[in-house]
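Quick note: the sequence shown uses the UniProt record's numbering, first residue 1, plus one each step.
Take a look at the structure set out below.
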Amino acid sequence: MFATRALRQATAHAAERTPLIRFIGKREIPSNIDHAPHPHPASPTGSLPANFGNTHKTFSAYRDSAQQHGPLRKSFGSIPASKLGPIEAPKGQFFDRSELPERFRRTPLTLAEIEAIETGGATLVG
1 MFATRALRQA TAHAAERTPL IRFIGKREIP SNIDHAPHPH PASPTGSLPA
51 NFGNTHKTFS AYRDSAQQHG PLRKSFGSIP ASKLGPIEAP KGQFFDRSEL
101 PERFRRTPLT LAEIEAIETG GATLVG
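Okay, here's the thing in structure tokens:
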């Protein structure tokens, strides 16, 4: 009942509302933008990669040859899965918790613990 009145008042005041942000001048696209590659301001070395200017003229060309956990432009559809390499985890690494040694696995819940969780502890008598 009051929500309708509040909505009507808000709609009436919306027409009178003026934005607090004021923009100066017309929006324009800058005519001179420097697209030359340069290092990121937070770069630890403050320079581009060593061979960037010699072999790569643009960032797109550099990215095509860059590697991050394997080549970025490799498409998996063109190579059969059997040729992508082994799927076994390296020694000391595991893909799933069920593969961990017994001492690292989760202990199964008892029926009493399940009952306590489902009832919020209301059935526990100390």
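Beta carbons are placed, not taken as given, at the ideal position from N, Cα and C, and that holds for glycine.
1) Rounding to the nearest angstrom, what Cα-Cα distance links PRO44 and GLY53 in this structure?
2) For ASP96, name the three-state secondary structure that DSSP assigns.
3) Is the number of C-beta pairs between the region 7-21 and the region 29-37 that are closer than 8 angstroms three or more?
4) Rounded to the nearest angstrom, what separates GLN9 and GLU28 at their Cα positions?
5) Just to confirm, is the Cβ distance from GLU115 to THR107 under 7 angstroms?
6) Tell me the DSSP secondary structure of GLU16 in three-state form.
Reading it off the structure:
1) 19 angstroms
2) coil
3) no
4) 37 angstroms
5) no
6) coil
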